[in-house]
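Going by the numbering used here, the residue at position 44 of the sequence shown is 476; the numbering climbs one at a time, nothing skipped. Each residue gets a CB set at the ideal place from its N, CA and C atoms; glycine is no exception. Computed from a predicted model, the values in this text were never measured in an experiment. Notes follow the structure.
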Amino acid sequence: MALRNATDVQTAPLAALGLVGGFLTARETGIRPLGGVLLGAAGLYAGRTWLAKTGPVGAAALSAIYVGSFGASHPLAKKIGAWPSVFTAAAVSAGAAYLVADRA
């Protein structure tokens, strides 16, 4: 099985999938590291495209937003709840990915 050409991949859905799917996997299985595996896999696959489309600076910025959104979702969850926090983090990360890498 071959991966799609990096420049042909839309990363906004991957960023959202990594954050929402990672949370859902961890919550439903009770195995937090398993959710982390999904989060990491989606991030790595998106990062490959970010690097190809935006270069190292853009890839680093989008990766920081992705990881930062994940980190920020935890304290935000205490204020607005788990699911709203996860959806907010996913929207921020997916929106940035779209604007910086996918729109063109």
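Selected residue, minimal CA-CA separation from Val-441, among Ala-493, Val-489, Ala-491 and Trp-482: Of the listed residues, the one whose Cα sits closest to Val-441 is Trp-482.
Quick check on this structure: which residue in Ala-434, Leu-531 and Met-433 has the alpha carbon closest to the alpha carbon of Lys-485? Leu-531
Compute the beta-carbon to beta-carbon distance between Ala-458 and Gly-467, rounded to the nearest angstrom, for a pair I have assumed lies under 8 angstroms. 3 angstroms
From what residue to what residue does the alpha helix (DSSP H) around Val-452 run? Boundaries of the alpha helix (DSSP H) around Val-452: 444-461.
Could you pull out every residue in the same chain whose Cβ sits closer than 7 angstroms to the Cβ of Lys-511, ignoring the five residues on either side in sequence? none
Nearest to Val-452 by alpha carbon, out of Ala-528, Phe-502 and Ala-529? It is Phe-502 whose Cα lies nearest to the Cα of Val-452.
Could you check where the alpha helix (DSSP H) with Ala-523 kicks off and where it finishes? 514-529
On the criterion of 16 or more Cβ atoms from any shown chain inside 10 Å, does Gly-522 qualify as buried, or is it exposed? As written in the sequence, residue 522 is Ala, which differs from the Gly given in the question. Label assigned to Ala-522: buried.
When you compare only the Cα positions, how much space is there between Ala-529 and Pro-465? Taking the straight line joining both Cα atoms gives about 25 angstroms.
What's the C-alpha gap between Thr-439 and Ala-474? 16 angstroms
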